[in-house]
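Read in order, the letters of the sequence shown correspond to residues 1 to 311 in the UniProt record's numbering. The beta carbon of each residue, even a glycine, is placed where N, CA and C say it ideally should be. Input: a single structure, listed below in structure tokens.
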Amino acid sequence: MTTAWLVLALGSSREHAGNDGYDDSPSEHYSWDSTVQNHARVAVGDVIALWDRKELIGVSVIEAIDTASAEKTLYSCPQCGKADIKRRQRERPAYRCGKCGHLFPVPRQKTRTVTTYRSVHGKRWMNGRGLLSGSELRALCDAPKSQLSMRPARWERLRRALLDASGRAAEVKDIAAATRLAIAGGHRESVVRVRVGQAAFREQLLDAYGEICAFTGPTPAAALEAAHLYSYAESGEHHDYGGLLLRRDIHRLFDLGHMAVDTASETLDVAPTLHPYPYYAQLHGRPLMVQLRPEHRIWLDAHWLSKRPRT
């Protein structure tokens, strides 16, 4: 059964000041991130209905969802710490907390890393201005009294309401057909195994080496991963000096054995499978960017033996 999402798009008229908002173009794309409830439930092939609390803006089908990682600034009340703050247009101080009522000129702020999402839905966009009111749209939601910015609804109910209100059967049918043809995709929530202590392990490596990929050199911390030099999946332990900081792509290639370390010369060995790629090929024989300890050598020698055929 097709899911429809009623999503709030206020643009410059938004009062909520807990974040800087989103770069939306209703007829083309809609943006959200992992701080939003239901962020991971929206999928390719779902219907997206944008509204501004007063009326429907338009409806379409999600063709794709682009994801990325970004730093997001969050704002909160300096007295109670809640993010339910609003920007006052004319009065001063400029901000008011919706929880404790505190008035203040500047909110508290912090930055966190979030997953960002942007829908692509311009192909079958149907302008909905004047078709359905805010109260009619709320009634179509699974939870009519919900205050969430992304609310699930039943597409069949929305489809019937659009047909009754617009008489634009061809456009509505085009949207319905697209929901059946869309390739399954999007996002789903699942239970995963989490590496306990991984964050602390990474912090130790950053403290010891700074923002340096052990194989390629200076790299932004956001692109560095704590790479175990052995199979953590098998041992489940963080051994002292059992890891190095590696860039994400380098980490993956190391795990697969496409890269290894010759501890005798402390140089990189790049497998022939990567030689057609100039950037990786030039790393072959390059000295490491960090000094190895005896413990590193033990793990790296074991990695070499497991990934390189004996000659």
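Ordered list of beta strand (DSSP E) runs contained in the segment 40-91, each at least 3 residues = Those beta strand (DSSP E) runs which fall completely within the segment 40-91 and span 3+ residues are 47-51, 56-61, 64-76 and 85-87.
May I ask which residues mark the beginning and end of the beta strand (DSSP E) holding residue 31?
-> Your numbering for residue 31 matches position 31 in the sequence shown. Run containing residue 31: 29-33, per the beta strand (DSSP E) assignment.
What did DSSP end up calling residue 172 once you bin it into helix, strand or coil?
-> Here residue 172 refers to the residue found at position 172 when the sequence shown is read from its first residue. Helix at residue 172.
Three-state class that DSSP yields for residue 245 in the structure shown = Sequence index remark: in the sequence shown, residue 245 carries index 245 (1-based). Strand.
With a Cβ-Cβ cutoff of 7 Å, do residue 121 and residue 62 count as a contact?
-> Translated into the one-based positions of the sequence shown, residue 121 becomes position 121. Translated into the one-based positions of the sequence shown, residue 62 becomes position 62. The criterion of a C-beta distance shorter than 7 Å is satisfied by residue 121 and residue 62.
For residue 140, name the three-state secondary structure that DSSP assigns.
-> Here residue 140 refers to the residue found at position 140 when the sequence shown is read from its first residue. Helix at residue 140.
Which class does residue 236 belong to by DSSP, given the choice of helix, strand or coil?
-> Here residue 236 refers to the residue found at position 236 of the sequence shown. In this prediction, residue 236 has a pLDDT of 49, which is less than 50 and means its spatial position is unreliable; what the coordinates show is noted afterwards. In the structure shown, residue 236 sits in coil (DSSP, three-state: anything other than H, G, I, E or B).
Neighbourhood of residue 218 by C-beta, 7 Å cutoff - its chain only, sequence neighbours within 5 removed = The residue labelled residue 218 in the question sits at position 218 within the sequence shown. In the same chain as residue 218, and ignoring 5 residues on each side of it, the C-beta atoms closer than 7 Å to its own belong to 211 and 212, in chain order.
Less than 7 Å separating the beta-carbons of residue 128 and residue 57?
-> Here residue 128 is taken as the residue at index 128 of the sequence shown, counted from 1. Here residue 57 is taken as the residue at index 57 of the sequence shown, counted from 1. Yes, Cβ-Cβ distance for residue 128 and residue 57 is below 7 Å.
Separation of residue 32 from residue 65, as counted between CA atoms | Numbered from its first residue, the sequence shown carries residue 65 at position 65. Numbered from its first residue, the sequence shown carries residue 32 at position 32. Take the alpha-carbon of residue 65 and the one of residue 32: they are about 11 Å apart.
Strand pairing of residue 109, partner residues [DSSP] | As a first step, residue 109 must be located in the sequence shown, where it is residue number 109. In the DSSP output, where bridge partners are listed per residue, residue 109 has 75.
Please classify residue 179: does DSSP put it in a helix, a strand, or coil?
-> In the sequence shown, the residue the question calls residue 179 occupies position 179. If DSSP states are grouped into helix, strand and coil, residue 179 belongs with the helices.
Inter-residue CB distance, residue 148 and residue 38 (contact presumed, cutoff 8 Å) = Translated into the one-based positions of the sequence shown, residue 148 becomes position 148. Translated into the one-based positions of the sequence shown, residue 38 becomes position 38. Correct: roughly 7 Å between the Cβ atoms.
What's the gap between the Cα of residue 170 and the Cα of residue 60?
-> Stepping through the sequence shown from its first residue, residue 170 is reached at position 170. Stepping through the sequence shown from its first residue, residue 60 is reached at position 60. Looking at the two C-alpha atoms, the distance is approximately 13 Å.
What's the gap between the Cα of residue 138 and the Cα of residue 97?
-> Mapped onto the sequence shown, residue 138 falls at position 138. Mapped onto the sequence shown, residue 97 falls at position 97. Cα to Cα, residue 138 sits roughly 26 Å from residue 97.
DSSP on residue 294, reduced to helix/strand/coil?
-> Mapped onto the sequence shown, residue 294 falls at position 294. Helix, per DSSP.
For residue 132, the three-state DSSP class (helix, strand or coil) = Residue mapping note: residue 132 aligns to position 132 of the sequence shown, counting from 1. Residue 132 falls in the coil class under three-state DSSP.
For the 8 Å Cβ check, are there 3 or more pairs between the segment 106-123 and the segment 66-83?
-> These segments touch.
Measuring CA to CA, which of 222, 104 and 78 is closest to residue 88?
-> The count along the sequence shown starts at 1 and reaches residue 88 at position 88. Of the listed residues, the one whose Cα sits closest to residue 88 is 104.
For residue 272, does the three-state DSSP call read helix, strand or coil?
-> Locating residue 272 in the sequence shown gives position 272, where the first residue counts as 1. Helix.
With a cut-off of 8 Å, do at least 3 Cβ pairs link the segment 262-270 to the segment 283-292?
-> Because the criterion of three Cβ pairs below 8 Å is met, the segment 262-270 and the segment 283-292 touch.
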